[in-house]
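Following my numbering, the numbering of the sequence shown begins with 488 at its first residue and continues without gaps. Notes for the one structure printed next.
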Amino acid sequence: MPVADHRVIAFGVEALDGRLGGGLRAGALHEVAARTCSLVDDAAATLFLAGIAAREARAIGGPVLWASCRNDLYAPGLEQAGLASADVIYAQPRDDAALLAVVEDAVRDGTPSAIVAEAGRVSMVATRRLQLVAADADMPVLLLRRRRSRALDPLSEPSAAWTRWRIASVPSERLGVAGVGRPRWSVELARQRGGEPFSLIVEGCDETGRLAVPAALGHRAAETAGTGRAAAA
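If you want it as structure tokens, here you go:
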């Protein structure tokens, strides 16, 4: 894939950046959903977005707006993914409609370096609006699509998002001594404009918000390329 002619947020992992034209397009709407309803998958999806926002905040030097109708964010967890509490502005709108309005106003205001928003119901029209304002402001809007039911995949609904991702937790590497290994995630790009879907196993965000390819898989990191399941769009 050719090098991007627009600003990108690099993952710093060639297995990802090389398939994204250099990195995640900065001025765009990106959607992420947990692969299942499990708490560990939900946490992995949340931290995946936190890492992206943390890298952009560090590069741009502005705060991250995190908008959610829920009150269950775990600040120490976000900090372990590189997103310190001092760098986050929290917004808790009353419902998804108000949340989308807050996000759109914040993009137009231009204060945040990046926006993370958690929503369950998002129409195709709303995603078009978010994609347009994100592109105009050259600001990433990172939308965590919450599952409204166990059976309904949020990415089965149409969207104008530039990329759409499914994230799941997978077993960590066994350690030679007793302890907790770095978390591993299954990162599946279900759809990207102008590119192919793929999936990859990565190590979860470190304290700088960066992912890594597990050492044991590094020599065969491309083994899962092209296996992503394309979602309806």
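Cβ coordinates follow ideal geometry from the N, Cα and C atoms, glycine included.
How many Å lie between residue i and residue j at the Cα?
i      : j      : result
Ala544 : Ala601 : 7 Å
Ala613 : Leu587 : 8 Å
Val519 : Phe535 : 9 Å
Gln579 : Leu687 : 33 Å
Asp504 : Phe498 : 6 Å
Thr714 : Leu570 : With a pLDDT of 43 at Thr714, under the threshold of 50, the predicted position of this residue should be treated as unreliable, though the coordinate-derived value follows. Thr714 and Leu570: Cα-Cα distance of roughly 31 Å.
Val657 : Val575 : 28 Å
Glu683 : Trp649 : 12 Å
Val700 : Val689 : 5 Å
Arg557 : Glu605 : 8 Å
Gln679 : Ala584 : 26 Å
Ala624 : Arg506 : 24 Å
Leu516 : Ala702 : 31 Å
Please report the residue range of the alpha helix (DSSP H) in which residue i lies.
i      : result
Arg545 : Leu526 to Ile547
Val551 : First-last for Val551: Val551 to Ala554, but that is the beta strand (DSSP E), not the alpha helix (DSSP H).
Thr723 : Since the displayed the chain opens at 488 and closes at 720, residue 723 lies outside it and no answer follows.
Ala502 : Glu501 to Asp504
State the start and end residues of the unbroken beta strand (DSSP E) segment that holds residue i.
i      : result
Thr650 : Thr650 to Val657
Ala606 : Ala601 to Ala606
Glu518 : Leu516 to Ala521
Arg632 : Val628 to Arg632
Can you name the residues that DSSP bridges to residue i?
i      : result
Phe685 : Leu676
Leu511 : Ile496
Thr690 : It is Glu, not Thr, that sits at residue 690 in the sequence shown. The partner list for Glu690 (beta bridge, DSSP) reads Arg671 and Ala699.
CB-CB under 7 Å to residue i, same chain, minus the five flanking residues each way: which ones, in chain order?
i      : result
Ile496 : Gly510, Leu511, Ala513, Ile539, Arg542, Glu543 and Pro627
Ser659 : Gly668, Arg669, Pro670 and Arg671
Ala568 : Leu534, Ala537, Gly538, Ala541, Cys692 and Gly696
Between which residues of its own chain and residue i is the CB-CB distance below 6 Å, once the five residues before and five after are set aside?
i      : result
Leu642 : Ala520, Arg651, Ala677 and Ala718
Val603 : Leu536, Ala540, Trp553 and Leu629
Leu565 : Ala537
Arg522 : Asp528, Arg653 and Ala655
Excluding sequence positions up to five away, which residues of its chain have a Cβ less than 8 Å from the Cβ of residue i?
i      : result
Pro550 : Ala544, Asp574, Val575, Ile576, Thr598, Pro599 and Ser600
- request: Can you check the region 557 to 586 for any beta strand (DSSP E) of at least 3 residues that lies completely inside it and give the ranges in chain order?
  value: 575 to 578
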